[in-house]
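Student:
See below:
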């Protein structure tokens with residue numbers, strides 16, 4: 001199984017389809033993850049959750065040198081103590097990961113030594129009014145001006161690009177970012193991804209990386225701490241081998 005996963009140098013970004021996971025992958029999840037999945041309302045949400053949790057456990061187990069199903073994953077929020085915080089591994093604290101999903105796609109980013117954040121969003125069929133309301137919450141005034149000047153046919157994709165860049169930064173910082181999204185300014189969709197204004201105090205802002213998203217989606221990757229090379233790979237063979245299926 002490990003032959004399909006290279007050593008962790010820099011950052012790895014793995015893409016899976018929700019169809020890569022079946023009932024046999026439930027054995028990889030712990031009781032808390034099974035309970036969290038059961039609370040989700042739709043079959044699609046449950047399948048996306050299963051794919052993300054299973055893939056994360058497979059990859060983290062390989063890089064930690066132990067069975068992924070036995071890893072302890074702590075999701076305690078540092079602010080309120082509820083189990084919805086950024087996931088971390090108490091027994092392997094230098095191994096960081098981030099999970100995102102949209103539609104039939106799931107992304108898992110893994111890195112050693114510094115936090116990582118990944119986000120993927122489907123380009124929604126928002127109405128002009130819905131986009132306007134979302135932009136008021138997510139975008140800074142200068143970003144809203146760029147969005148307003150974008151041709152109507154490209155406006156949803158532009159907004160999704162802004163949104164994923166910001167969400168990736170938030171995920172990489174975890175609880176460290178207290179300011180709302182409209183105080184974080186990123187480069188416009190026509191430019192390489194970069195943080196332009198950073199409301200966080202102390203540490204430098206995460207480094208944004210360009211990501212080739214699946215069709216119909218926008219995606220972004222953010223690395224806190226030092227820069228790192230990013231390797232992108234297909235997780236399908238890894239997930240199949242994890243449960244004894246041919247790659």
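Numbering (this note's numbering), first residue to last: 1 to 247. The beta carbon of each residue, even a glycine, is placed where N, CA and C say it ideally should be.
1) Per DSSP, which residues does residue 102 bridge with? Please list them.
2) Going along the chain, which unbroken runs of the beta strand (DSSP E) with 3 or more residues stay wholly within the region 116–184?
3) Exposed or buried, residue 3, counting other C-beta atoms within 10 Å across all chains shown (16 or more means buried)?
4) Using the Cβ count rule (16 or more neighbours within 10 Å means buried), how would you classify residue 136?
5) Here's a check: name, in chain order, each residue in its chain whose Cβ is nearer than 6 Å to the Cβ of residue 248, leaving out the five neighbours to either side.
6) Just the Cα atoms here: how many angstroms apart are residue 235 and residue 51?
7) Using the three-state DSSP reduction, which class does residue 41 fall into: helix, strand or coil?
8) If you pair each beta-carbon of the region 93–113 with each one of the region 215–225, do three or more pairs fall below 8 Å?
9) Just to check my reading of the structure: residue 58 and residue 239 have Cβ atoms closer than 8 Å, yes? What is that Cβ distance to the nearest angstrom?
10) With DSSP as the reference, label residue 231 as helix, strand or coil.
11) Report yes if the C-beta distance between residue 168 and residue 118 is below 8 Å; otherwise report no.
12) State yes or no: is the C-beta of residue 72 within less than 8 Å of the C-beta of residue 85?
13) Name the DSSP bridge partner or partners of residue 207?
14) Apply the 10 Å Cβ neighbour rule to residue 98 and answer buried if 16 or more other Cβ atoms are within range, or exposed otherwise.
15) If you drop the 5 nearest sequence neighbours on each side, which residues of the same chain put their C-beta closer than 6 Å to that of residue 171?
16) So the alpha helix (DSSP H) residue 241 belongs to, where does it begin and stop?
17) Would you identify the three-state DSSP class for residue 46, choosing helix, strand or coil?
18) How about residue 248 and residue 187: do their beta carbons lie closer than 8 Å?
19) In the DSSP assignment, find the unbroken beta strand (DSSP E) run with residue 195 in it and report its ends.
20) Candidates 92, 127 and 107: which alpha carbon is nearest residue 222's?
Tutor: Reading it off the structure:
1) Answer by DSSP bridge pairing, in chain order: 105.
2) 116–122
3) For residue 3, the predicted model reports a pLDDT of 47, less than 50, meaning its position is unreliable and no value from the coordinates is stated.
4) When all chains shown are included, residue 136 counts as exposed.
5) Within the shown structure, residues of the chain are numbered from 1 to 247, placing residue 248 beyond reach of any answer.
6) Answer to the nearest angstrom: the Cα atoms are 10 Å apart.
7) coil
8) Segments in contact, yes.
9) The pair is a contact, with the Cβ atoms about 7 Å apart (cut-off 8 Å).
10) strand
11) yes
12) no
13) 223
14) buried
15) Exclusion of the five residues before and after residue 171 leaves 98 and 117 as the residues of its chain whose Cβ lies within less than 6 Å of its Cβ.
16) 236–242
17) helix
18) The question about residue 248 has no answer, for the chain in this structure spans 1 to 247.
19) 195–197
20) 107
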